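Chains as they are written, first to last, in full-length UniProt numbering: chain A, 1 to 297; chain B, 1 to 428. As structure tokens, the structure follows; a few thoughts come after it.
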Amino acid sequence: MKKNDSEWLYTISPKKSLINLNFVEIWRYRDLLLLFVKRDIITLYKQTVLGPLWYFIQPLFTSVIFTLIFNNIANIDTGNGIPPFLFNLIGITTWNYFSTCLTGTSDTFKSNQNIFSKVYFPRVITPLSGVLSNVIKFGVQLLVFILFYIYFYISLVDTQMTARPNEYIALLPFVILLMALLGLGLGMVISSMTTKYRDLSFLVGFGVQLLMYASAVMYPLSLIEEKVRNGSIPEIAGYLVAYNPMSTIIELMRYITLSTGEFSLFNLAYTTIICVLIFLIGLIIFNRTEKSFIDTV
Amino acid sequence: MSDIILKAENISKQYRLGLVGTGTISHDLNRWWHKIRGKEDPYLKIGESNDRSTKGSSEYVWALQDINFNLHRGEVLGIIGKNGAGKSTLLKILSKVTTPTVGEIKTKGRIASLLEVGTGFHGEMTGKENIYLNGAILGMTKKEISSKIDEIIEFSGCQRYIDTPVKRYSSGMTVRLAFAVAAFLEPEILVIDEVLAVGDAEFQKKAIGKMQDISKGEGRTVIFVSHNMAAVKNLCTRGIVLEHGKVVFTGNQNESVDYYLSNSISNIPLNDRKDRVGNKNIIVKAISFFNKNGDSISQAISGEYLRVRLHIQKNRPVDFSKLFVGIAFLDNQEKKVVSFLSDEMGSDFSYVADNNYIDLMIPEFLLRSAVYNLTFMITEGSTRSTDALDVLENAAEITVLEGDYWNTGKTNRAGDFAIIPATYESKL
């Protein structure tokens, strides 16, 4: 009895198609995804005294420092009626989400080498779980922002605090998705390359730091445009900031929560396209790497 | 004929030797350049077969070459071979951890692999949480795990610690817990790598028993890699022997084990040894071991027949009827565990005058599983080593594998000491 080939469930072979992301398979491993998220959350601050308080401490302290340096010393104007502390807090919280997604994903192959060399599951589960557990962390940090917003709102109510969330706040999940896609995409490219060439992992460390300065985290985008116009910043640097998708995202976050900065559908569309593109490129490269990375890592 | 559930066709796997990282970019570029011109990969053809001991000229080796086999539903396939024969590489390919360089594997069932127990265990999480995590990594859904959690905990024997972080566990407990999870996996095809070699004797017994249930009782298809020949004989229904990345033998489990044991290294060259003592009127130029079929072996099975042969080279005339021969086996701490002294045994070596070897026949080699060294002494007319013809310590090494001396289906525990024939009286 000759069975024909269509009966085979699957084939293990060296052939590589461009994208063979098996969604059915990923769906079958959804429990693993959630368990990974749970693991990340419950083990992160085990055996620390302050525990989950660390979620709050880091963005708060960074905001305080940024406010001192950039607003009080360097006199960056955050706009009328916008408390610089809130301005920085939302920027840093947003940036943190992106940067933890990026650095976490870019380490996927290296830090999971032990598991990956012993057992198969769709590798993309690991970075996905990282991004998901970061969403939870981001959510907690947003709560902190809300608390401080309320504090400022009450204490400055009779002065000139004009910062208000607007109706575009509905875009919040979409903005988070964009950041996740961007972080995942870039991270997957880097993690795939680092399996063979370790140089990149050194780059990520300070690269992310540098990128923050080019992403309008501690200054409004309009400031850069103004500086380019009056010639104190070279045009190329202006472009770098303006076309950096993260600047748009952070500017957008400030717009929907504090109604400051600029918002245009064109920018949003441009950023969306870039994020999706980078994500797809990352996915393709990641997919090609995951099959045999264990031989080169 | 039962239907084929997995089919491996021309599986080959190439590895690059030396320092990966130097020159990889240039090789990658070269490969890519050949590829866009539609030519064959320039590095694929230069590989050599993977023999560790001989130095090859190529930087690339084939860890596996043209592996073909079919696996039928309900079959337990044992893969045996020496270290470096390609067993682990084959398992890695089967479990999708890496891909073959050439060839493909087609399968009709889900494969779950156990290349290690406790993959993904996190020390900070409790035993229970780790059961869920590990189970999910191995491919179970949360629902499946929940339905079996009580059995898993019971099988592991860690009830008391189940809500304690795993980092507080002893290493043995961790292994028990990990094996318990794995034992309740229910894939169509299970791939197992030597995970039985863990835990204490009691747990090993439990593990092997569970393995037997899985393979025999539940009719699961299993691929099993092990150095434990007794386990292979016990559990498997078929075996393939790998050597230097190629399949050299396929057959039922007993034939495969016999083939493997008889083709391991034998006839250790003793000629070059400088630490001999004695006047060298005769010397032992080689030592070999044989099983009861007369096949040359380097690994014996505890409790089974073993023949030790000293190959003699006669340099000057010797009165063989006055010959004294002593052979002793030493454990790894250089302590004698057993010796065979010809004067006690009343042996006569006159026959050696017309032959070139001295044979020691051991009907039941009752040392437990371990590696033993053989030391011999040959003297003429006395038993003092000052009158020695040839004395050599650590002249040969023999690995004794676990056997089933009592015929109970349970392998005898390892340890470098002996078994002595006995029974517990069933009534007095």
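Every residue gets a Cβ at the ideal spot worked out from N, C-alpha and C, and that includes glycine. These numbers come from a predicted model, not from an experiment.
{"Check": "Cα-Cα separation between residue 292/A and residue 100/B, rounded to whole angstroms", "Outcome": "9 Å"}
{"Check": "Residue 231/B in three-state terms, based on DSSP", "Outcome": "helix"}
{"Check": "Residue 137/A - containing alpha helix (DSSP H), residue span", "Outcome": "125 to 155"}
{"Check": "Contact check, residue 401/B vs residue 296/B, beta carbons under 8 Å", "Outcome": "no"}
{"Check": "Minimum length 4: unbroken alpha helix (DSSP H) runs contained in the region 315 to 368 of chain B", "Outcome": "342 to 345"}
{"Check": "Contact with chain A by residue 15/B, beta-carbon distance below 8 Å", "Outcome": "yes"}
{"Check": "Exposed unless 16 or more other CB atoms sit within 10 angstroms - verdict on residue 246/A", "Outcome": "buried"}
{"Check": "Coil, strand or helix - residue 245/A by DSSP", "Outcome": "helix"}
{"Check": "Own chain residues within Cβ distance below 8 Å of residue 318/B, not counting five before or after", "Outcome": "281, 282, 380, 389"}
{"Check": "Completely contained alpha helix (DSSP H) runs for the region 57 to 125 of chain B, where each covers 4 or more residues", "Outcome": "87 to 94"}
{"Check": "Enclosing alpha helix (DSSP H) for residue 246/B [first to last residue]", "Outcome": "That residue, residue 246/B, is in no alpha helix (DSSP H); its beta strand (DSSP E) goes 246 to 251."}
{"Check": "Simplified DSSP state of residue 45/A, which is helix, strand or coil", "Outcome": "coil"}
{"Check": "For residue 134/A and residue 59/A, the rounded distance between their alpha carbons", "Outcome": "14 Å"}
{"Check": "Inter-residue Cα distance where the pair is residue 194/A and residue 187/A", "Outcome": "10 Å"}
{"Check": "Residues bridged to residue 14/B (per DSSP)", "Outcome": "62/B"}
{"Check": "Unbroken alpha helix (DSSP H) run spanning residue 178/B, endpoints", "Outcome": "171 to 183"}
{"Check": "Beta carbon proximity, residue 55/A to chain B, threshold 8 Å", "Outcome": "no"}
{"Check": "Residues near residue 320/B in its chain [Cβ-Cβ closer than 6 Å; skip 5 each side]", "Outcome": "349, 350, 352, 353"}
{"Check": "One or two residues paired with residue 306/B in a DSSP bridge", "Outcome": "362/B"}
{"Check": "CA-to-CA distance, residue 256/B to residue 13/B, given in whole angstroms", "Outcome": "23 Å"}
{"Check": "Inter-residue spacing [alpha-carbon to alpha-carbon] between residue 145/A and residue 86/A", "Outcome": "7 Å"}
{"Check": "Separation of residue 244/B from residue 64/B, as counted between CA atoms", "Outcome": "7 Å"}
{"Check": "Extent of the continuous alpha helix (DSSP H) run through residue 113/A", "Outcome": "113 to 116"}
{"Check": "As assigned by DSSP and simplified to three states, the class of residue 238/B", "Outcome": "strand"}
{"Check": "Cutoff 8 Å: residue 9/A Cβ touching any chain B Cβ", "Outcome": "yes"}
{"Check": "Member of 224/B, 181/B, 103/B, 211/B whose CA lies at the smallest distance from the CA of residue 121/B", "Outcome": "181/B"}
{"Check": "Contact list for the region 94 to 125 of chain A against chain B, Cβ threshold 8 Å", "Outcome": "114, 115, 116, 117, 118, 119, 120, 121"}
{"Check": "Below-8 Å beta-carbon distance, residue 52/A vs any chain B residue", "Outcome": "no"}
{"Check": "Expected contact under 8 Å - CB spacing of residue 225/B and residue 87/B to nearest Å", "Outcome": "5 Å"}
{"Check": "When 304/B, 355/B, 347/B are compared against residue 311/B, the one with the closest alpha-carbon", "Outcome": "355/B"}
{"Check": "Closer than 8 Å to chain A by CB, residue 171/B", "Outcome": "no"}
{"Check": "Straight-line gap, residue 94/A to residue 38/A (C-alpha atoms, nearest Å)", "Outcome": "22 Å"}
{"Check": "C-beta neighbour in chain B for residue 295/A, strict 8 Å", "Outcome": "yes"}
{"Check": "Residue 139/B at chain A interface by Cβ criterion, 8 Å", "Outcome": "yes"}
{"Check": "Residue from 162/B, 373/B, 178/B, 109/B with nearest C-alpha to residue 186/B", "Outcome": "109/B"}
{"Check": "Own chain partners of residue 1/A with C-beta closer than 8 Å, once the 5 adjacent residues on each side are dropped", "Outcome": "Because residue 1/A sits at a pLDDT of 38, beneath the cut-off of 50, its placement in the model cannot be relied upon, and the following sentence gives the value as read from the coordinates. Cβ neighbours of residue 1/A beyond the five flanking positions: none."}
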